[in-house]
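Heads up: the structure comes next, in structure tokens.
2 protein chains.
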Amino acid sequence: MVAAVKAYSEPAHISRLNSVGIVHRHYMHFDTPLRLRSGVELTPFTLAYETYGKLNADRSNAILIFHALSGDSHVAGYYSSDPNEPAGWWDEAVGPGKMFDTNRYFIICANVIGGCQGSTGPASLAPDGKPYALRFPVVTVADMVEAQRSLIDALGIQRLFAAAGGSMGGMQALQLAVDYPDRVGAVLFLASTPRSSAQNIAFNEIGRQAIYADPNWRGGSYYGGEVPAAGLSVARMVGHITYMSEFSLESKFSRRLQLRDQLGYSFDTEFAVESYLKYQGEKFVQRFDANSYLYITKALDYFDIGAGYDSMAEALKQVTAQFLVISFSSDWLYTADQAKELVDALSGRSVEYHHVEAFLGHDSFLLEVETMTRLVGGFLDRLYDEQNLREAG
Amino acid sequence: MVAAVKAYSEPAHISRLNSVGIVHRHYMHFDTPLRLRSGVELTPFTLAYETYGKLNADRSNAILIFHALSGDSHVAGYYSSDPNEPAGWWDEAVGPGKMFDTNRYFIICANVIGGCQGSTGPASLAPDGKPYALRFPVVTVADMVEAQRSLIDALGIQRLFAAAGGSMGGMQALQLAVDYPDRVGAVLFLASTPRSSAQNIAFNEIGRQAIYADPNWRGGSYYGGEVPAAGLSVARMVGHITYMSEFSLESKFSRRLQLRDQLGYSFDTEFAVESYLKYQGEKFVQRFDANSYLYITKALDYFDIGAGYDSMAEALKQVTAQFLVISFSSDWLYTADQAKELVDALSGRSVEYHHVEAFLGHDSFLLEVETMTRLVGGFLDRLYDEQNLREAG
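Protein sequence lines, in the order shown, are assigned to chains A and B. The numbering of the first sequence is our numbering, which starts it at 77 and goes up by one. The numbering of the second sequence is our numbering, which starts it at 77 and goes up by one.
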């Protein structure tokens with residue numbers, strides 16, 4: 077069978093039987109205003125999105141995956157047959173036989189509003205033909221969800237089988253279940269928090285201050301000129317540390333020197349961990365817009381699912397979705413205690429909570445593929461069987 | 077009695093019976109070269125230092141306190157009678173009846189070489205009459221200790237009763253015991269690590285990158301012009317988060333807004349934690365030199381007491397000092413595991429190790445005054461009694 081696949085001359089990495097293969101980014105344009113929580117209306121707006129698998133006849137098998145801070149709509153597969161092109165950011169999760177099984181589900185992922193990967197954001201042209209820059213309105217997680225609600229409307233999907241996400245993706249899935257309880261059957265809330273803590277806000281603010289401090293930032297109006305690369309790079313480095321555990325940094329780098337055998341007694345990059353961070357910063361600058369970093373971190377800081385209610389439990393009263401909540405022992409960005417706050421507030425509902433012993437920090441939700449496949453796949457299988465039984469019964 | 081003290085018309089904060097009162101910064105100039113680990117010689121050099129209490133006749137009651145990254149020689153007391161002047165950085169620890177009891181001990185603290193509070197550093201004038209800037213040689217923790225060894229020589233102290241420090245101060249105390257085993261009776265190693273971890277280096281590197289990214293930094297040659305305030309401020313904010321626990325940030329600020337009742341949907345400083353961090357950054361810029369921040373963090377990164385030996389235990393073989401090691405449960409900068417690595421390597425020696433349950437993170441060593449007074453004071457009392465017994469015996 078493998079030989080037969082190879083006979084199609086697909087590059088090796090695409091010939092893998094469980095890859096979604098080559099995919100395309102789609103765009104949906106909306107002329108209707110997006111009413112933001114700030115009271116401002118954004119018109120028009122565009123969402124970039126991708127889909128994997130097939131929507132079934134009764135449109136009941138759709139799963140909306142929400143991406144995290146630096147993510148985009150490209151969850152899985154490849155845009156080209158170039159063998160050097162990396163797969164989508166959660167390729168291990170989406171494909172035939174994977175935890176989000178494209179043989180069974182229709183997977184959708186859209187770039188968030190405020191982002192910079194095809195959806196309308198600060199780098200987009202405003203109605204006056206010039207980039208919004210800081211004229212772009214401040215958006216919230218609820219606004220990101222509202223935009224994507226328009227997308228599932230446009231795709232003709234009344235009720236999602238599930239909404240899923242890690243990190244900021246989990247926040248959006250939760251927000252959807254609160255704002256549109258009858259439109260989502262289940263929420264997969266992974267390595268996330270129902271509200272940003274003081275420490276979460278603090279790290280985001282440092283990233284923003286690093287961007288503000290870059291003279292190329294020019295109050296956000298740098299489009300067409302030099303971008304605030306140094307500031308964004310520092311912001312990314314700060315963020316990156318919070319995604320890794322002390323253990324993962326130590327086991328990957330320890331005190332290893334990058335190029336030499338002995339200390340150089342200079343300010344050159346010497347330790348491997350310095351080189352790695354610098355590389356992460358530089359790579360990020362190539363693909364991400366600094367203003368989007370400001371807007372999205374601001375949305376993260378604003379996120380508090382209980383805001384405006386007497387308690388978090390009160391905010392969740394009308395939620396009907398079944399929940400899968402997963403936290404990771406070494407995740408110090410969104411800790412087990414934060415996940416538990418949601419689990420407690422959902423008390424009495426259908427909630428499956430797993431605290432996974434994992435060494436790789438916040439990124440464990442992407443890296444612990446075997447455990448995640450078992451937990452996420454198992455949860456979805458049970459939901460699927462339940463639903464089919466309900467329909468058969 | 078209190079009334080009698082007040083009769084001297086001292087300001088209230090100085091009239092406290094257990095304050096060291098008004099103190100002065102002293103300077104010691106050295107024309108002999110300081111031989112650095114890099115092979116470079118630094119000539120001349122100056123150390124700024126302060127002392128509290130009285131050196132006894134046989135010069136056996138001296139305790140050298142080493143300061144941390146952003147500290148200086150001003151451990152305790154006041155420089156003036158201005159009632160608004162804050163006390164030295166560890167005033168709770170040094171004074172009559174305090175954990176470092178000035179009725180009994182002669183306390184010395186010197187600003188580190190490479191620093192910016194009176195000791196020779198990158199802002200000092202080089203022999204050519206211009207500031208060193210980045211021409212200042214890279215210094216190590218061992219070099220800081222070597223400079224201070226010259227100071228205790230000059231003060232006529234052959235053997236220190238103890239060497240003590242928190243954070244980078246603990247590293248120096250340990251280094252002294254390794255390099256000069258016969259010159260120190262005890263080491264108090266508080267909230268410190270025997271070697272910087274990959275995560276420690278990563279955070280320091282981000283601070284440095286923030287400084288490098290500030291165009292006012294100008295490769296370090298900013299003296300006489302605008303200082304790289306924005307970069308240093310971001311570096312300080314990053315550092316500051318690592319000194320606090322998630323708990324201390326959450327209990328101090330949570331999601332409290334600074335000025336308003338509701339979200340402002342703008343990039344103004346909104347959350348109290350943002351305002352606090354910004355204030356910490358701005359305050360630091362007033363008192364600290366960005367190049368010193370580079371040099372001292374580099375020294376921290378280089379610190380590994382076992383470097384050049386087969387094992388850490390091997391490096392510590394000739395150490396004769398008795399050890400007090402204290403770690404704090406919420407200290408995620410220098411963790412209990414890091415302290416335990418030293419304790420393990422000292423196996424078979426006289427080591428008293430305490431792991432303190434404390435909520436305030438790395439800064440616990442400064443803030444948990446009652447516990448520290450009990451542990452540090454108790455340890456020193458026992459040493460003192462032992463020594464007096466030995467002399468009497």
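Note that CB positions come from ideal geometry on N, CA and C, so glycine has one too.
Provide the residue(s) that pair with residue i in DSSP beta bridges, ordered along the chain.
i: Pro203/A; result: According to DSSP, Pro203/A bridges with nothing at all.
i: Tyr154/A; result: Ile98/A
i: Ala239/A; result: Leu140/A, Val263/A
i: Arg113/A; result: Per DSSP, none; premise fails for Arg113/A.
i: Leu118/A; result: Leu110/A
i: Ile183/B; result: Tyr128/B, Ile139/B
i: Phe347/A; result: Leu333/A
i: Phe279/B; result: BP columns for Phe279/B are empty, so no partner.
i: Arg271/B; result: Asp380/B
i: Asp177/A; result: Gly171/A
i: His105/B; result: Thr122/B
Which bits of chain B does residue i rub up against, with CB to CB less than 7 angstroms?
i: Glu350/A; result: Ile277, Glu281
i: Met388/A; result: Within chain B, no residue comes near Met388/A; the closest Cβ sits about 12 angstroms away, beyond 7 angstroms.
i: Glu472/A; result: The first residue shown for chain A is 77 and the last is 469, placing residue 472/A beyond what the model contains.
What three-state label does DSSP hand residue i in the structure shown?
i: Glu467/B; result: helix
i: Leu100/B; result: In the sequence as presented, Leu is not what sits at residue 100/B; that position holds His. Correct three-state label for His100/B: coil.
i: Gly295/A; result: helix
i: His373/B; result: Residue 373/B is actually Thr in this sequence, not His. In the structure shown, Thr373/B sits in a helix (DSSP, three-state: H, G or I).
i: Val260/B; result: strand
i: Gly245/B; result: helix
i: Leu451/B; result: helix
i: Leu353/A; result: helix
i: Val170/A; result: strand
i: Glu444/A; result: coil
i: Leu123/B; result: strand
i: Asp134/A; result: coil
i: Phe212/A; result: coil
i: Phe360/A; result: helix
i: Asp148/A; result: coil
i: Gln234/A; result: coil
i: Asp439/A; result: helix
i: Asn160/A; result: coil
i: Asp457/A; result: helix
Give a single yes or no on whether residue i has its beta carbon closer than 7 angstroms to a heavy atom of the ligand GTP.
i: Ala238/B; result: The ligand GTP is absent from the structure shown, which contains no ligand whatsoever.
Just to make sure I have the definition right: I need the residues of chain A whose C-beta is within less than 8 angstroms of the C-beta of residue i. Which are they?
i: Phe347/B; result: Ala274, Ile277, Glu281, Asp377
i: Val286/B; result: The amino acid at residue 286/B is misidentified as Val; the sequence shows Ala. Residues of chain A passing the Cβ test: Ala286, Ala289, Val310.
i: Ala249/B; result: None at all; the shortest Cβ gap to chain A is about 21 angstroms.
i: Lys374/B; result: Phe343
i: Ile317/B; result: Gln275, Ala278, Phe279, Ile282
Kindly list, in the order they appear in chain A, the residues whose Cβ is closer than 9 angstroms to that of residue i.
i: Ala138/B; result: The contacting residues do not exist; Ala138/B stays about 31 angstroms from chain A at best.
i: Met244/B; result: What Met244/B touches in chain A: nothing, since even the nearest Cβ is about 17 angstroms away.
i: Asp380/B; result: Arg331
i: Leu370/B; result: Phe343
i: Arg135/B; result: Those do not exist, as Arg135/B stays about 35 angstroms from chain A at its closest Cβ, beyond 9 angstroms.
i: Glu302/B; result: None at all; the shortest Cβ gap to chain A is about 12 angstroms.
For a contact meaning CB atoms closer than 8 angstroms, what does residue i contact in chain B?
i: Asp290/A; result: Ala289
i: Arg271/A; result: Arg331
i: Leu145/A; result: Simply none; closest approach about 17 angstroms.
i: Leu465/A; result: Near Leu465/A there are no residues of chain B at all, since even the closest Cβ is about 42 angstroms away, more than 8 angstroms.
Name the chain A residues whose beta carbon is nearer than 7 angstroms to that of residue i?
i: Ile189/B; result: The premise fails here: Ile189/B is roughly 14 angstroms from chain A at the closest Cβ pair, so nothing lies under 7 angstroms.
i: Ala306/B; result: Ala289
i: Val314/B; result: Ile282, Val314
Under 9 angstroms between beta-carbons, which chain B residues line up against residue i? List them in chain order, please.
i: Glu358/A; result: Ordered by position in chain B, no residue passes the 9 angstroms Cβ test against Glu358/A, which lies about 11 angstroms from the chain.
- Chain-ordered residues of the region 412 to 431 of chain A with a beta carbon less than 7 angstroms from chain B: none
- Which runs of the alpha helix (DSSP H) fall wholly inside the region 379 to 436 of chain A and span at least 4 residues, in chain order? 388 to 391, 412 to 421
- Which of the residues in the region 325 to 344 of chain A, read from start to end, lie with their CB under 9 angstroms from any CB of chain B? Leu325, Glu326, Ser327, Lys328, Phe329, Ser330, Arg331, Arg332, Leu339, Gly340, Tyr341, Ser342, Phe343
- Message: So if I threshold CB-CB distances at 8 angstroms, which residues from the region 205 to 229 of chain B count as touching chain A?
- Response: Leu210, Pro213, Val214
- Task: With 9 angstroms as the limit, tell me which residues of the region 100 to 131 of chain B have their beta carbon closer than that to any beta carbon of chain A; keep them in chain order.
- Result: Leu112, Arg113, Ser114, Gly115, Val116
- Query: At which residue ranges does the region 291 to 340 of chain A contain complete alpha helix (DSSP H) runs of 4 or more residues, listed in the order of the chain?
  - Reply: 305 to 319, 322 to 328
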